[in-house]
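Student:
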Amino acid sequence: MQAVLRPVSAEVGGALPNAIDPFALSLNENPFPPLPAVRSALIRSIDVANRYPEFLPERLRRVMAGHVGVRADQVVLGAGATGVITQALQALTSPGDTIVMASPTFDGYPILARMARLAPVTVPLDEHGHHDLDALADAAANARVVVVCRPHNPTGTLQSTAEIVNFLRRVPPATIVLLDEAYIEFAAAEHRIEALALIARFPNVLMVRTFSKAYGLAGLRIGYGLASAELTRTLWAHQQPFGIAITSLVAVVASYDAEDQLLQRIRQITAERRYLRMRLSAMGIYTTDSYANFVYLPSRGRLWRDEFAGSGLRIRFDADGGARISVGSRASTQAVLSAVGKTAAMTAS
Ligand SMILES: Cc1ncc(COP(=O)(O)O)c(C=O)c1O
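Heads up: the sequence shown begins at 8 in the working numbering, then just goes up one per residue.
Structure (structure tokens):
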């Protein structure tokens, strides 16, 4: 039988997500579409899409280094933080090596560990969603890689700088520490760890960051890593030729130029997070102390998946029964509160 051919454009048109869908709360995306200046820069780069980008992203590396305050040879690039982590595991590990991570954690880690054929060891979070850094350091003693997300996903919690430094002092120099800062821009300035000093002191640390979250460019796949030149030398040798799209350089430069507007959006998102947590708390619902653009509701005996069923909201539920909800617009917040409120009313009646 002959297959019915449909125009490809119809297929793709329907596949593009909606930039401002208030119900899309499962991927910790930014609820705002690109800033006008970033959008204009992107359009200019699309006009030269017949040309390759740089062979290796040297200019982007320099731009990022200048902005972050490190040297260019301390930066590596990837297709999102995911690309940087993949590249690091590929360059620095051998099949069968051990990788230590918290449980639960960003679900990319078990997947990427499997792809690199690593043996995962997991360390449970405490009851408030914090890392058990002592247990992680103990496990790291026999591992090739240990992962710490700061803020953590799915709980949004953040270990203090002093705790992280103490932890790093306990990890052997031959163990690579992936310090995942995918959400760090949502934490106040006093919680940031100064990259230049940290990588100078700990040459085994790779700080991983992304343009997918606070910068709101998840669809462009821009991530970067910061580490000692000793470590980046190995990673840069695995930098894919022509691997960073031509859109990346202009999007990053335009985003840095529009920093004030981005900060304004970040403030709006964190204010909305505080409001959502406060309203949930007033309804008797515990959420972990989140420093990111999402809130986490541990199960604590409640079946969140069932409670949100039928709400139309897309939320991430984990194997432990917890619910991770991205912070969106006020319409998103209201939809979440109304879903929880309905269940509360049903339980009471
Ligand atoms: C902790 C953490 N690290 C890394 C990533 C990957 O982000 P990217 O879009 O930059 O690949 C995510 C995405 O949700 C995340 O939560």
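Beta carbons: idealized from backbone N, C-alpha and C, even for Gly. Since this is a predicted model, take the numbers as computed values, not measurements.
Quick one: grab the DSSP three-state call for residue 117.
Tutor: helix
Student: Could you give the distance in angstroms between the alpha-carbon of residue 194 and the alpha-carbon of residue 331?
Tutor: 18 angstroms
Student: Under the rule that 16 or more other beta-carbon atoms within 10 Å means buried, what is residue 235, buried or exposed?
Tutor: buried
Student: With three or more beta-carbon pairs closer than 8 angstroms as the criterion, would you say the region 256 to 276 touches the region 25 to 45?
Tutor: yes
Student: Taking Cβ to Cβ, would you say residue 29 is nearer than 7 angstroms to residue 318?
Tutor: no
Student: Among 277, 306, 320 and 202, which residue has its Cα nearest to the Cα of residue 73?
Tutor: 202
Student: Contact check, residue 161 vs residue 307 under 8 angstroms by CB: the rounded distance?
Tutor: Not quite, the Cβ-Cβ distance comes to about 15 angstroms (not below 8 angstroms), so this is no contact.
Student: Please list the segments of the beta strand (DSSP E) lying wholly inside the region 141 to 204, counting only runs of 3 or more residues, in order along the chain.
Tutor: With a minimum length of 3 residues, the continuous beta strand (DSSP E) runs that stay inside the region 141 to 204 are 152 to 156 and 183 to 187.
Student: Helix, strand or coil: which one does DSSP assign to residue 106?
Tutor: The answer is strand: DSSP assigns residue 106 an E or B state.
Student: Going by the C-beta, is residue 219 closer than 6 angstroms to any heavy atom of ligand 1?
Tutor: Residue 219 Cβ: within cutoff of ligand 1.
Student: Is it buried or exposed for residue 188, if we count other Cβ within 10 angstroms and need 16 for buried?
Tutor: buried
Student: Using DSSP with H/G/I as helix, E/B as strand and the rest coil, what is residue 309?
Tutor: coil
Student: Does the distance between the C-beta of residue 109 and the nearest non-hydrogen atom of ligand 1 fall short of 6 angstroms?
Tutor: no
Student: The alpha helix (DSSP H) that contains residue 228, what's its start and end?
Tutor: It is not in any alpha helix (DSSP H) - residue 228 carries neither H nor E in the DSSP assignment.
Student: Does the region 225 to 242 come close enough to the region 68 to 86 to have 3 or more Cβ pairs within less than 8 angstroms?
Tutor: yes
Student: For a test of your reading of the model: does the CB of residue 230 fall under 6 angstroms from any non-hydrogen atom of ligand 1? Yes or no.
Tutor: yes
Student: Under the assumption that residue 146 contacts residue 107 (Cβ atoms under 8 angstroms), give the Cβ distance between them as a whole number of angstroms.
Tutor: 4 angstroms
Student: Run through DSSP, which three-state label would residue 71 get?
Tutor: helix
Student: From the DSSP output, which residues share a beta bridge with residue 217?
Tutor: 230
Student: Just to confirm, does residue 301 get its C-beta within under 6 angstroms of one of the non-hydrogen atoms of ligand 1?
Tutor: no
Student: In three-state terms, what does DSSP make of residue 287?
Tutor: helix
Student: List in chain order: all unbroken alpha helix (DSSP H) runs of 4+ residues lying wholly within the region 244 to 270.
Tutor: 253 to 264
Student: Apply the 10 Å Cβ neighbour rule to residue 197 and answer buried if 16 or more other Cβ atoms are within range, or exposed otherwise.
Tutor: The residue is exposed, with fewer than 16 neighbouring Cβ atoms inside 10 Å.
Student: Pull up the CB-CB distance for residue 144 and residue 177, whole angstroms please, since I reckon it's below 8 angstroms.
Tutor: 4 angstroms
Student: Going by other Cβ atoms of all chains shown within 10 Å of its Cβ, with 16 needed for buried, is residue 36 buried or exposed?
Tutor: buried
Student: Might you give, ordered along the chain, the residues of its own chain that have their beta carbon closer than 6 angstroms to the beta carbon of residue 200, omitting 5 neighbours on each side?
Tutor: Closer than 6 angstroms at the Cβ level, and outside the excluded window around residue 200, lie 168.
Student: Using a 10 Å radius around the Cβ and a threshold of 16 neighbouring Cβ atoms, would you call residue 300 buried or exposed?
Tutor: buried
Student: Residue 241: beta carbon under 6 angstroms from a heavy atom of ligand 1?
Tutor: no
Student: By DSSP, does residue 321 sit in helix, in strand, or in coil?
Tutor: strand
Student: Nearest-angstrom Cα distance between residue 183 and residue 109?
Tutor: 15 angstroms
Student: Identify which residue in 246, 221 and 240 has its Cα closest to the Cα of residue 39.
Tutor: For residue 39, the nearest C-alpha among the options comes from 221.
Student: Applying the criterion that 16 or more other CB atoms from any shown protein chain within 10 Å of the CB defines a buried residue, is residue 216 buried or exposed?
Tutor: By the neighbour-count rule (16 or more Cβ atoms within 10 Å), residue 216 is buried.
Student: Return helix, strand or coil for residue 41, following the three-state DSSP convention.
Tutor: coil
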